[in-house]
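In our numbering, the protein residues as written are 1 to 626. As structure tokens, the structure follows; a few thoughts come after it.
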């Protein structure tokens, strides 16, 4: 079982898996979350209607493009029941439903915010396609004049088309336009694109893009000229093969990073490689559960594949961890409720992927290692660190220094919130003098403990007001300021969640508050003033005690700060419960709800204003550095 598989992200603990908004808009290729539909995993007969009934579950994965495998009328002569053996480019396979059924399905997809692309099989037709008799010159012939199957393949069930014939080209393009005009599809996934000449793709794509409709064009292949021909995306075959080397043959994870850079170095800027761990071709040989060493291994491969770079693809059945190979020539029933926990994990991961631009197209910063995929994605104010174990065993990973700092702030704020608020809950803070004193001491000692634990890593801010004060005094960068605050809030939320869970099991333990949330005893304005003043005093102590110019007390800064926090609490508990720390207030308020949530703005605005005031005061009075 994979021992390490986690995604550490901005506000990951706060994300709600909200259903995607409905309304049809063709996504940018960089934003694509594609779902491959094999009708034969949905139903043996009437698949169009069955798929329509599953659209909500598919859309909940934040899918915005559905790729339908060939649903055209299949050939019979020399056929092997392959959906890629096309008898009529302008007719649907009757076992899937009628043309009207498919039109309704496309319309329903659009209403639910899902674009539709169809598989287009340009390279060959069935042996009983009408063109065979009507236009034999449209096919490739051997020296004896016989129509042949595609060279260098074993595809004996199909006849190879001759792209030197201009009339065949025009007929092909006409058929492609038919589905756009008559059914309203949004583009094509073009099968065996590497087998088809560049100039045909250029001619066909240009002709379709001249129509008054935006299209998404995906090439099954890896030729660089696909993009010059007008395709938006092509296949990331090399990355998938590198994944196999890493997961199956214990190759270094560095190979994945090297392959990623190699693939993107060979395509024009702004174009996209479609990334996947399986599709219909791959699943016909092995399920991803088999290929990657179990369910956890397949999820590990999915995370590093999708979040590294490129468009995302899910093959229908992947989201329920179907354990067996799927021969797409034949019907295979799928129990869509077999693994709800896996489905929910995919939904959570794709919610993150959809919500944060950094994960889709942010700047990639890699930290090469043999046994883990460790990389960062950056975009504007979003920073994500992704760590994935690619081995079926425990491994070690060294977190980059700046992320060590962020994690330290998360841990420190967790400890402060859990111990301080936990004491408030346990002691029934506010009922008597002893409970107030005990709570104040708990908060102060928690700061002292963390100061000597993580002070050498992050400086032990564990408080957005302190972080703001340090930033305004030039102590940290804007990026670190934002990241510190985010991780402080995450730490506080986690602590409040644990505390709320404990209290929920013993209602008798709740005395005045279930989570140690703050409250304005004498109204919001009075509470705001108290929080501004107390925070300004507290942050001023922090800035002074930790200043490089204050050598006399610097070694004892943690003790001085902890004692001052005790004093601050002794004064402020009666008025506000004492916040002086937005993170410490946000976490408990989210679980307390009610008035705590309504008054939360006081405990965000007040401490931040107080921290800014302290920074200004310190700038005025701090001694010059020697």
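Note that CB positions come from ideal geometry on N, CA and C, so glycine has one too.
Proximity test, residue 264 beta-carbon vs the ligand MG heavy atom, cut-off 7 Å: Absence of the ligand MG is noted for the structure shown, with no ligands found whatsoever.
Got a sec? Which residues, its chain only, sit under 6 Å from residue 577 by beta carbon, not counting five neighbours each side? 518 and 519
Buried or exposed: residue 620, going by 16 or more other Cβ atoms within 10 Å of its Cβ? exposed
Please check the pair residue 70 and residue 119, which I expect to be a contact at CB under 8 Å, by giving their CB distance rounded to whole angstroms. 5 Å
Nearest-angstrom beta carbon gap, residue 515 and residue 499 [assumed within contact, 8 Å]: 6 Å
Given a cut-off of 8 Å, decide if residue 33 and residue 67 are closer than it, judged by their beta-carbon atoms. no
Three or more C-beta pairs closer than 8 Å, one from the stretch 296–315 and one from the stretch 363–373: is that the case here? yes
For residue 406, I'd like the list of residues in its chain whose CB is within less than 6 Å of its CB, leaving aside the five on either flank, ordered along the chain. 483 and 487
Given a cut-off of 8 Å, decide if residue 85 and residue 158 are closer than it, judged by their beta-carbon atoms. yes
Cα separation between residue 205 and residue 229? 7 Å
Rounded to whole angstroms, what is the Cα-Cα separation between residue 356 and residue 131? 49 Å
Based on DSSP bridge pairs, tell me the residues matched to residue 66. 35 and 116
Residue span of the alpha helix (DSSP H) that contains residue 619, given as start and end: 600–621
Tell me the start and end of each unbroken alpha helix (DSSP H) in the stretch 186–270 that is at least 4 residues and wholly inside, in chain order. 198–209, 225–228, 237–249 and 254–265
With a 10 Å radius around its C-beta and 16 neighbouring C-beta atoms as the bar for buried, classify residue 556 as buried or exposed. exposed
Using 8 Å as the limit for Cβ to Cβ distance, is residue 248 near chain B? Going by chain labels, chain B is absent from the structure shown, which holds only one protein chain.
Could you tell me which residues DSSP pairs with residue 139 in its beta bridges? 161
Spatial neighbours of residue 294 within its chain, please: C-beta separation below 6 Å, excluding the five flanking residues on both sides. none
Helix, strand or coil for residue 386, going by three-state DSSP, please let me know. strand
Those residues which DSSP pairs with residue 95 across a bridge: For residue 95, which the question treats as bridged, DSSP gives no partner whatsoever.
Answer yes if the stretch 235–242 comes into contact with the stretch 274–282, meaning at least three C-beta pairs across the two stretches below 8 Å, and no otherwise. yes
May I ask you to report which of helix, strand or coil DSSP gives residue 124? strand
From what residue to what residue does the beta strand (DSSP E) around residue 73 run? 72–74
What are the partner residues of residue 366, as DSSP defines its beta bridges? 375
Going by other Cβ atoms of all chains shown within 10 Å of its Cβ, with 16 needed for buried, is residue 319 buried or exposed? buried
When the Cα of residue 671 is compared with those of 201, 257, 623 and 258, which residue comes out closest? Summary: the structure shown does not reach residue 671, with the chain confined to residues 1 through 626, and so no result is reported for it.
Assuming residue 495 contacts residue 562 under a Cβ cut-off of 8 Å, what Cβ separation, rounded to an integer in Å, is found between them? Residue 495 to residue 562, Cβ: 18 Å. No contact.
State buried or exposed for residue 83, treating a residue as buried only when at least 16 other CB atoms are found within 10 Å of its CB. buried
How would you label residue 618, buried or exposed, when you count the other beta carbons within 10 angstroms and need 16 or more for buried? buried
With DSSP collapsed to three states, give me the class of residue 273. strand
Just to confirm my understanding: we take residue 584, look at its own chain, exclude 5 residues before and 5 after, and list those with CB closer than 6 Å. What are they? 417 and 492
Check whether the stretch 593–606 and the stretch 519–530 touch, using three or more Cβ-Cβ pairs below 8 Å as the test. yes
Close beta carbons around residue 465, own chain, < 7 Å, minus the five adjacent residues each side: 535, 539, 580, 581, 582, 607, 608, 610 and 611
For residue 90, the three-state DSSP class (helix, strand or coil): strand
Ignore the nearest five residues each way along the sequence and tell me which others in residue 312's own chain have a CB closer than 6 Å to its CB. 33 and 306
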